[in-house]
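Quick note on numbering: the sequence shown equals residues 1 to 309 in full-length UniProt numbering. The C-beta atom is built at its ideal place from N, Cα and C for all residues, glycine as well. Just so you know, these numbers come straight off a predicted model, no measurement behind them.
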Amino acid sequence: MMLVGIASGAVALGAGAAVLLLASPRGARLPRERRRPVTEEGEGALAGAAEAATGLVGRLIRPRSGSLATSLDLAGIRMRPQDFVFLVAVGSLALVAVTLLLGGGLFAAPAAMLSPVAAVLLVRVRVERRRRAFGEQLDGTLQLMASSLRAGYSMMQVLTSVAKQSEEPTASELARIVNETRVGRPVVAALEEAAERMSSEDFRWATQAIAINREVGGSLAEVLDRVAGTIRERGQIRRHVASLSAEGRMSAVILMVLPFAVCGFLVLINPTYLLPLVQTGIGIGLLVFSGVLFTVGGVWLSKVVQVKF
């Protein structure tokens, strides 16, 4: 009971600090000397504890904070790395406390891992979603750029105008390119980095076309129209391939979920039926062997339904 009380208290304190972190406004990042002086009186004890906790987390994750910040930026999560890690830790504490309160001490360690695993999956899903959205918007983006070039705009004016008229994530990526160019970075280098960041082969082609046009001259609007047409045709083929492979992907999902569903059903109707698998050496060996086969089968299925062209 003492352990449960300690865990519950830690969860309550962490939850309060997490609420403060989520509720606090996140404006543009400015150096401290450029910020307006704070006129409010001292912060509350809970806010101070939250700031101290995130500061400690920031020092602990400093060696890996750069890669985490990059991942959060790609995912479109406007949050400092230490705040994100702190919220994940609070989630783990909450799951452990709930598990202990329900009397499942043996499942405390697996429950603690759910929050980090969910956080990693969330970041990866959001990154893939933003990249997919960027690729789907690219055709219209290039057409809009070509129209602006025909209207007599310069390249910088085109990027600024399209950034204001586009949806996310194209708007933020083009705005980043404009800002980098304004501080002296070559526009082609900024475009290439955006293509690498969004993992977009189509945008890399468009960047190469822009770079070649800047060297040899000619009508960039016509070049972008042709690139947009090629991207549109590739998109149609990609969607056709996705529709043809949808059955295979669904079969892979069912085959991967089925063992866990069967085990869960057996545990519900007869909790002692699967105990030999975790209480005997042969059972544990079978579980390890099954896990290896399951992993190999999952990788094989993912490669089979993943068509690249």
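query = Taking the alpha helix (DSSP H) that G135 falls in, what are its first and last residues?
reply = Along the sequence shown, one-based indexing puts residue 135 at 135. Counting along the chain, the alpha helix (DSSP H) containing G135 begins and ends at 108 to 150.
task = Indicate the three-state DSSP secondary structure (helix, strand or coil) for P169 in the structure shown.
result = As a position in the sequence shown, residue 169 is number 169, starting the count at 1. Three-state DSSP puts P169 in coil, outside helix and strand.
ask   = Under three-state DSSP, which class holds S65?
value = Taking the first residue of the sequence shown as position 1, residue 65 is located at position 65. DSSP places S65 in helix when its eight states are reduced to three.
inquiry  = For a minimum of 4 consecutive residues, which ranges assigned as the alpha helix (DSSP H) are wholly contained in the UniProt domain "Type II secretion system protein GspF" (142 to 267)?
reply    = Listed in chain order, they are 155 to 165, 170 to 182, 187 to 197, 201 to 216, 220 to 244.
key: Spatial distance of L258 from R126 (CA atoms)   = For the purposes of this step, residue 258 is identified with residue 258 of the sequence shown, where counting begins at 1. For the purposes of this step, residue 126 is identified with residue 126 of the sequence shown, where counting begins at 1. The straight-line gap from Cα to Cα measures roughly 26 Å.
ask   = Given a threshold of 16 other Cβ atoms within 10 Å of its Cβ, counted over all protein chains shown, does F86 qualify as buried or as exposed?
value = Counted from its first residue, the sequence shown places residue 86 at position 86. Counting the other CB atoms within 10 Å of its CB gives F86 a total of 16 or more, which places it among the buried residues.
request  = Take the Cβ of A261 as the centre, count every other Cβ of all protein chains shown within 10 Å, and call the residue buried at 16 or more, exposed below.
outcome  = As a first step, residue 261 is located in the sequence shown; it is residue number 261 there, counting from the start. A261 counts as exposed, since fewer than 16 other C-beta atoms from the protein chains shown sit within 10 angstroms of its C-beta.
Residue closest to A175, alpha-carbon to alpha-carbon, out of E222, A97, V162 = What you label residue 175 is simply residue 175 of the sequence shown in a count that begins at 1. Comparing Cα positions, the closest option is V162.
query = Terminal residues of the continuous alpha helix (DSSP H) containing I282?
reply = To locate residue 282, count along the sequence shown from 1; it is residue 282. That run of the alpha helix (DSSP H) goes 281 to 304.
key: Cβ pair count under 8 Å reaching 3, the segment 210 to 229 against the segment 277 to 294   = Output reads no: the segment 277 to 294 does not touch the segment 210 to 229.
task = Out of T160, G217, F107, state which residue places its alpha-carbon closest to the alpha-carbon of E180.
result = Counted from its first residue, the sequence shown places residue 180 at position 180. Comparing Cα positions, the closest option is T160.
query = According to DSSP, is I77 helix, strand or coil?
reply = Within the sequence shown, residue 77 is the residue found at index 77, counting from 1. Three-state result, I77: coil.
request  = Would you kindly work out how many angstroms separate the C-alpha atoms of S148 and A206, rounded to a whole number?
outcome  = On the sequence shown, residue 148 is found 148 positions in, with the first residue counted as 1. On the sequence shown, residue 206 is found 206 positions in, with the first residue counted as 1. Distance between S148 and A206, taken at the CA atoms: about 16 Å.
message = What does the alpha-carbon distance come out to for the pair R182 and E128?
response = The residue given as residue 182 occupies position 182 in the sequence shown. The residue given as residue 128 occupies position 128 in the sequence shown. Taking the Cα positions, R182 is about 29 Å away from E128.
ask   = Is G103 close to chain B, meaning its C-beta is less than 8 Å from at least one C-beta of that chain?
value = Included in the structure is just one protein chain, with no chain B present.
Rounded separation between T272 and T280 - CA only = In the sequence shown, residue 272 corresponds to position 272, counting from 1. In the sequence shown, residue 280 corresponds to position 280, counting from 1. Within the model, the alpha-carbon separation for T272 versus T280 is close to 13 Å.
Local Cβ density within 10 Å of Q82, reported as buried at 16 or more and exposed below that = In the sequence shown, residue 82 corresponds to position 82, counting from 1. By the neighbour-count rule (16 or more Cβ atoms within 10 Å), Q82 is buried.
task = If I'm right that A75 touches R150 with Cβ under 8 Å, what's the distance once you round it to whole angstroms?
result = Within the sequence shown, residue 75 is the residue found at index 75, counting from 1. Within the sequence shown, residue 150 is the residue found at index 150, counting from 1. Wrong, their Cβ atoms sit about 36 Å apart, outside the cutoff.
query = In three-state DSSP terms, what is L102?
reply = Taking the first residue of the sequence shown as position 1, residue 102 is located at position 102. Note: L102 maps to coil in three-state DSSP.
task = Compare the C-alpha of M79 against each of A94, V98, G58 and name the closest.
result = Here residue 79 corresponds to residue number 79 of the sequence shown, with the count starting at 1. Taking only the C-alpha atoms, the option nearest M79 is G58.
key: Integer Cβ distance of M256 from G298, believed to fall under 8 Å   = For this step, residue 256 is matched to residue 256 along the sequence shown. For this step, residue 298 is matched to residue 298 along the sequence shown. Between G298 and M256 the Cβ distance is about 6 Å, and since that is below 8 Å, they are a contact.
message = If the criterion is Cβ atoms closer than 8 Å, does the pair E173 and M198 meet it?
response = Locating residue 173 in the sequence shown gives position 173, counting from the first residue. Locating residue 198 in the sequence shown gives position 198, counting from the first residue. Cβ atoms of E173 and M198: closer than 8 Å.
message = Give me, in chain order, the residues of the same chain whose beta-carbon lies closer than 6 Å to that of I237; leave out the 5 immediate sequence neighbours on both sides.
response = Position 237 of the sequence shown, counting from 1, holds the residue named residue 237. Closer than 6 Å at Cβ, skipping near neighbours: no residue.
request  = Compare the Cα-Cα distances from W300 to each of P276, V253, C263 and report the closest residue.
outcome  = Position 300 of the sequence shown, counting from 1, holds the residue named residue 300. Nearest option by C-alpha distance: V253.
query = Is DSSP giving A28 helix, strand or coil here?
reply = Translated into the one-based positions of the sequence shown, residue 28 becomes position 28. Here the model assigns A28 a pLDDT of 45, short of 50, so the residue's position is not dependable, and the following value carries that caveat. It is coil, neither helix nor strand.
message = Considering Cα atoms alone, identify which of P63, V305, G140 is closest to A242.
response = Within the sequence shown, numbered from 1, the residue matching residue 242 stands at position 242. Of the candidates P63, V305, G140, the one whose C-alpha sits nearest the C-alpha of A242 is V305.
ask   = Taking just the CA atoms, how far does P110 sit from N270?
value = If you number the sequence shown from 1, residue 270 lands on position 270. If you number the sequence shown from 1, residue 110 lands on position 110. Answer to the nearest angstrom: the Cα atoms are 22 Å apart.
message = For V123 and S71, I'd like the C-alpha separation in whole angstroms.
response = If you number the sequence shown from 1, residue 123 lands on position 123. If you number the sequence shown from 1, residue 71 lands on position 71. When rounded, the distance between both Cα atoms is 7 Å.
key: For L100 and A94, believed in contact at Cβ under 8 Å, the rounded distance   = Locating residue 94 in the sequence shown gives position 94, where the first residue counts as 1. Locating residue 100 in the sequence shown gives position 100, where the first residue counts as 1. The pair is not a contact, with the Cβ atoms about 11 Å apart (cut-off 8 Å).
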